[in-house]
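Report on the following structure.
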Amino acid sequence: RAKAWGRGTLCVFEPEMDTHLRARLEMEQDLREALAEGQFDLAYQPIFSVVTGALTGFEALLRWNHPRRGIVEPSDFVPLAEDSRSIVEIGAFVLRRAVADIAALPGNLKVAVNLSPVQLAFGDIVGTVEAALRDSGLPPGRLECEITETALFESEQTSLAVLQRLREIGVKIVLDDFGTGYSSLSRLRLLPLDKIKIDRSFVQDATEGSASAAIVEAITVLTGRLGIATVAEGIETEAQWALLVRTSCAEAQGFLLGRPLPIAEAAAMARDGYGVPVALAAGFSAPT
Ligand code: C2E
Ligand code: MG
Ligand code: MG
Ligand code: MG
Numbered sequence: 005r006a007k008a009w010g011r012g013t014l015c016v017f018e019p020e021m022d023t024h025l026r027a028r029l030e031m032e033q034d035l036r037e038a039l040a041e042g043q044f045d046l047a048y049q050p051i052f053s054v055v056t057g058a059l060t061g062f063e064a065l066l067r068w069n070h071p072r073r074g075i076v077e078p079s080d081f082v083p084l085a086e087d088s089r090s091i092v093e094i095g096a097f098v099l100r101r102a103v104a105d106i107a108a109l110p111g112n113l114k115v116a117v118n119l120s121p122v123q124l125a126f127g128d129i130v131g132t133v134e135a136a137l138r139d140s141g142l143p144p145g146r147l148e149c150e151i152t153e154t155a156l157f158e159s160e161q162t163s164l165a166v167l168q169r170l171r172e173i174g175v176k177i178v179l180d181d182f183g184t185g186y187s188s189l190s191r192l193r194l195l196p197l198d199k200i201k202i203d204r205s206f207v208q209d210a211t212e213g214s215a216s217a218a219i220v221e222a223i224t225v226l227t228g229r230l231g232i233a234t235v236a237e238g239i240e241t242e243a244q245w246a247l248l249v250r251t252s253c254a255e256a257q258g259f260l261l262g263r264p265l266p267i268a269e270a271a272a273m274a275r276d277g278y279g280v281p282v283a284l285a286a287g288f289s290a291p292t
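First residue of the sequence shown: 5, per the numbering used here; consecutive thereafter.
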């Protein structure tokens, strides 16, 4: 069936595609108003030391509280926000909010913020980070910027230069979802990196004696030699945790250890000097 789209355009669509496109256009329109309407919020997922079991920080995860759809997950709107470049503004909001929230907590907790390659390529990310740190008083070393390896490849030259500058001001750079993109281990030494986050897919396939367990172990050993720290994401079972504890991976996060939380609950966790759940802490010196 035929349908008029916008001004002076006439397109022919299958009914199914019509619905799909209509939904997408609607989302794009809604996204334009979401920031001004205060519909974005952050959830904080705790990250723990694999060595002591202590809480070391949180990853800030974006949530869109859509007026009709309810909570929308980032995978359903971040790509749209990237296409329209509104991720630059949204990302600036995330940085300011996350840095201010964590600066207000007791202890020297870190905050990890996900950066889109679009934020590195357009807009003034370095200026945004500097302003967020200055206004909140958070020391730069407690901010970790997460970027996926695929993102690094897409706009390599600009991205690398920007990451270098962030690093010069003392911010830590984390390669997110490591193992899903194209980075060879040897390439790691060429990137301005402080830490890599081992992707959930390896952790979830890591059973005793499996290839994935060997890969996790190998990654932690090699990065250690390069002076790069490791964090593992997606720990869901006690078996995965037990395997991880025997590697030299420094930190871990996952639903077993803690779900993404509203700031009030994350703050309570920080005040109580939280560590990994007691049953998992066997063999550790008491977390502080
Ligand atoms: P990510 O950076 O790899 O974040 C981890 C994702 O895995 C989060 O999903 C988290 O809720 C989920 N997760 C954590 N532990 C577990 C687990 O044990 N099992 C399983 N199955 N999942 C777990 P979320 O919040 O839906 O975020 C998805 C992705 O969206 C993130 O992946 C990140 O790439 C992107 N994202 C989130 N917040 C932002 C943001 O502020 N800016 C940008 N540009 N991207 C963001
Ligand atoms: Mg991340
Ligand atoms: Mg990740
Ligand atoms: Mg991931």
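Ideal Cβ positions, reconstructed from N, Cα and C, are used throughout, including at glycine.
From a predicted model like this one, the values you see are computed outputs, not experimental measurements.
- For ARG89, the CB contacts under 7 Å within the same chain, skipping 5 residues up- and downstream, are VAL122, PHE126 in chain order.
- ARG146 carries a helical assignment under DSSP once its states are collapsed to helix, strand and coil.
- DSSP places GLN208 outside any beta strand (DSSP E); the residue lies instead in the alpha helix (DSSP H), whose first and last residues are 204 to 209.
- In terms of CA proximity to SER120, PHE157 leads the group ALA210, PHE157, LEU109, PRO143.
- Between ILE232 and LEU192 the beta-carbon gap is near 6 Å, inside 8 Å, which marks them as a contact.
- PRO196 carries a coil assignment under DSSP once its states are collapsed to helix, strand and coil.
- Taking a contact as a CB-CB distance under 8 Å, the pair PHE81 and LEU46 does not count as one, their CB atoms being some 14 Å apart.
- For ALA215, the closest alpha carbon among the candidates LEU247, GLU237, LYS201 is that of LEU247.
- C-alpha of ALA217 to C-alpha of GLY262: approximately 22 Å in a straight line.
- Within the model, the alpha-carbon separation for GLY141 versus ARG101 is close to 13 Å.
- A straight line joining the alpha-carbon of LEU179 with that of PHE259 spans about 21 Å.
- Each of ALA254, VAL225, THR227 was checked against the Cα of GLU237, and the nearest Cα belongs to ALA254.
- Counting only residues of its own chain and dropping the five nearest sequence neighbours on each side, THR152 has a CB closer than 7 Å to the CB of ASP180, ASP181, GLY185.
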